[in-house]
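Structure first, commentary second.
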Amino acid sequence: RADWMAGGARRDLAVSKMMLGTGLGMAVYEAALAGNITGSAPSDPAKARLQYADGWQPYSIRIGDTYYSYKRLDPLSTTLGVAADLATLPEGMSKREQQDRVTLLVASIMGNLASKTWLSGISDVVGAMTEPDQNAGRLVRRLAGSIAVPTGVAQVARTIDPVARDVDTVGEQIQSRIPGLSKNLLPKRNVWGDEVVNEGGVGPDIVSPIWQSRSKNDPVNRELLKAGVSVGLPQRKIGDRELTSTEYDGYQSTAGNIVMPKLRALTGSPQWKAMDNEAKQDAVSKVLREARADARSNLFGGPPRKGASRAVPPPPAGFVVEGDAGGRNVYADLQKLLPNAQLTSGFRTPEYQADMRRRGYRPAEDSRHLDGSSFDIVPPPGKSIAWVAQQVKRYDPRARLLPEGDHLHVTFPGYYGAPAIGGARKAGLRNPLQGMPPPPAGFSMDAR
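Counting from 3, one number per residue, gives the positions in the sequence shown under our numbering.
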């Protein structure tokens, strides 16, 4: 205001600053409406759960299918966050609140400040004072963890073990920050029972301020979000008994494995497209109830529901169900496990390998690419072949690894469903075993 009143060059500079800030805010506002910049998480927890399950990340810039966090890029991050929130916060507010710009602005600033690492401690203290029953335990665990284990050590633990861990006690909070010990804790799971995995940062994880998350573009999540369908978490109680942490972890995972195929069939059906949003909510709720009832029956006993989906019985002693025949899609799993890595080669034929030799390559005569059990993987930017090897071994301890200069050659015993990739796909190759379905529910292997 003083520069404005002074006139002359000072006034010109003040006007240019206001125009630049306003222009940037308007550009971010439009980008947020288009979904290319995100602000705080939705106020509706059901919507937030679905967005997180699909790879969405708050306070991020979306480029392609990847979200890159900007919340530690101060001071620019506050401008970006406030503008993005002004565009997206009204979705969870009443019409009267939407018309009150002061309410929107204050809510946005509060959310932005609470997301700052250097203010998170104050945010926890305020939360513990205002809602002690819900937040006091979190404050104590966080303080104890930060005092017992330095942040640098915790960052190493997160780099070694990217799976987010579920902590309920001070001891578990400390354990989650210690390299090597965090793996002994149960994982956090999303609304579909999948493990929550931190996908690392741009460049070396341990020093990167820009965390990233890849969008899964899952058709089920997309359809449910479009219809405004609410999905809650499974209850921790069965009758009067509260499940232990281990039991609840298994319940979440089993229920998710049962419900997702059913929801894919439902949301992809012609009937789904003909329903209104209320009917869609009812249909999804019914599928969830039945799937969770089946999971409880499978895990904890009790009479099965008529037409229930039963867990696949284990094979006889000494036998294993492997590869796609066990319901495992290694190719899809690797894409989720190693976002931004390049899978450059999968299934090949002898004829294609002969053509590779004519072009100067030297594929092995007995290459495991020929039976669809191998992939060549180029590490994502900022990551090493050793890092990729570590992630693959965590996914499948039996995997055989062979570093080959700029890529890692990986063979998965018992798996033969690798698709043709890159040049092989362009040449029209197709693995006849690709996408082999799992055995029907209720069937087991014949030991003979």
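Glycine included, each C-beta is placed from N, C-alpha and C at the ideal position.
Report task. Figure out for me which residue from 88, 303, 73, 174 has the closest Cα to the Cα of residue 203. Result -> If you number the sequence shown from 1, residue 203 lands on position 201. Of the listed residues, the one whose Cα sits closest to residue 203 is 73.
Query raised in the report: Does the ligand ATP have even one heavy atom less than 7 Å from the beta-carbon of residue 392?
Result: In the structure shown, the ligand ATP is absent, as is every other ligand, since no ligand is present at all.
Requested in this report: Taking residue 375 and residue 333 to be in contact with their CB atoms under 8 Å, please state how far apart those CB atoms are, rounded to whole angstroms.
Outcome: Counting from one through the sequence shown, the residue named residue 375 turns up at place 373. Counting from one through the sequence shown, the residue named residue 333 turns up at place 331. About 12 Å separates the CB atoms of residue 375 and residue 333; that is not less than 8 Å, and the two are not in contact.
Query raised in the report: So what does DSSP say about residue 376, is it helix, strand or coil?
Result: Within the sequence shown, residue 376 is the residue found at index 374, counting from 1. Look at residue 376 here: in three-state DSSP terms it is strand.
Query raised in the report: Alpha carbon to alpha carbon, what distance is there between residue 340 and residue 379?
Result: To locate residue 379, count along the sequence shown from 1; it is residue 377. To locate residue 340, count along the sequence shown from 1; it is residue 338. Their Cα atoms are separated by approximately 9 Å.
Query - Three-way DSSP call (helix, strand, coil) for residue 222 in this model - result: Here the question's residue 222 lines up with position 220 in the sequence shown. Secondary structure at residue 222: helix, using DSSP grouped into helix, strand and coil.
Query - Environment of residue 426 [buried if 16+ CB atoms lie within 10 Å] - result: The residue given as residue 426 occupies position 424 in the sequence shown. A residue is called buried once 16 or more other Cβ atoms fall within 10 Å of its Cβ, and residue 426 is buried on that count.
Query raised in the report: What's the gap between the Cα of residue 351 and the Cα of residue 432?
Result: As a working note, residue 351 is residue 349 in the sequence shown. As a working note, residue 432 is residue 430 in the sequence shown. The alpha-carbon separation between residue 351 and residue 432 amounts to approximately 9 Å.
Query raised in the report: Taking the DSSP output, what are the residues bridged to residue 70?
Result: As a first step, residue 70 must be located in the sequence shown, where it is residue number 68. Its beta-bridge partners are 63, 214.
Query raised in the report: Under the DSSP definition of a beta bridge, which residues are partnered with residue 404?
Result: Counting from one through the sequence shown, the residue named residue 404 turns up at place 402. For residue 404, which the question treats as bridged, DSSP gives the partners 411.
Report task. Take every Cβ of the region 290 to 305, pair it with every Cβ of the region 243 to 259, and state whether three or more of those distances are shorter than 8 Å. Result -> Short answer: they touch.
Query - Limits of the unbroken alpha helix (DSSP H) element including residue 81 - result: Taking the sequence shown and counting its residues from 1, one reaches residue 81 at position 79. Counted as a single uninterrupted DSSP element, the alpha helix (DSSP H) harbouring residue 81 occupies residues 78 to 90.
**Report entry** Through-space distance from residue 372 to residue 325, alpha-carbon basis
**Finding:** If you number the sequence shown from 1, residue 325 lands on position 323. If you number the sequence shown from 1, residue 372 lands on position 370. For residue 325, the predicted structure reports a pLDDT of 42, less than 50, and the residue's modelled location is therefore unreliable. A value from the coordinates is still provided. Cα-Cα distance, rounded: 16 Å.
Requested in this report: Identify whether residue 203 lies in helix, strand or coil by the three-state DSSP scheme.
Outcome: On the sequence shown, position 201 is the one that residue 203 refers to. DSSP places residue 203 in strand when its eight states are reduced to three.
Query raised in the report: In three-state terms, what does DSSP make of residue 167?
Result: Here residue 167 corresponds to residue number 165 of the sequence shown, with the count starting at 1. Three-state result, residue 167: strand.
Requested in this report: Decide yes or no for the touch test of the region 20 to 35 against the region 78 to 85: beta carbon pairs closer than 8 Å, at least 3 of them.
Outcome: Under the 8 Å Cβ criterion, the region 20 to 35 counts as touching the region 78 to 85, having at least three qualifying pairs.
Query raised in the report: residue 39 to residue 21, Cα distance in whole Å?
Result: If you number the sequence shown from 1, residue 39 lands on position 37. If you number the sequence shown from 1, residue 21 lands on position 19. Rounded to the nearest angstrom, the two C-alpha atoms are 21 Å apart.
Query raised in the report: Of all the CB atoms in chain B, is at least one closer than 8 Å to the CB of residue 425?
Result: Absent from the structure: chain B. Only one protein chain is present.
Query - Alpha-carbon to alpha-carbon, residue 411 and residue 424 - result: As a first step, residue 424 must be located in the sequence shown, where it is residue number 422. As a first step, residue 411 must be located in the sequence shown, where it is residue number 409. Taking the straight line from one Cα to the other gives about 15 Å.
Query raised in the report: Once you ignore the five residues that flank residue 68 on each side, which residues in its own chain have a CB closer than 8 Å to its CB?
Result: Here residue 68 corresponds to residue number 66 of the sequence shown, with the count starting at 1. Taken in chain order, the residues that qualify are 214, 215, 216, 217, 341, 342.
**Report entry** First and last residue of the uninterrupted alpha helix (DSSP H) at residue 336
**Finding:** Numbered from 1 along the sequence shown, position 334 holds the residue referred to as residue 336. Under the DSSP assignment, residue 336 falls in the alpha helix (DSSP H) whose first and last residues are 332 to 339.
Query raised in the report: Is there contact between the region 246 to 265 and the region 290 to 298, where contact requires at least three CB pairs shorter than 8 Å?
Result: Output reads yes: the region 290 to 298 touches the region 246 to 265.
Query raised in the report: Is the beta carbon of residue 85 less than 8 Å from the beta carbon of residue 172?
Result: By one-based count along the sequence shown, residue 85 stands at place 83. By one-based count along the sequence shown, residue 172 stands at place 170. Contact: no.
Query raised in the report: Grouping DSSP H, G and I as helix and E and B as strand, with all else coil, what is residue 2?
Result: Because the chain here runs from 3 to 450, residue 2 falls outside it and cannot be looked at.
Query raised in the report: Start and end of the alpha helix (DSSP H) containing residue 180?
Result: Here residue 180 is taken as the residue at index 178 of the sequence shown, counted from 1. For residue 180, there is no enclosing alpha helix (DSSP H), as DSSP marks it with neither H nor E.
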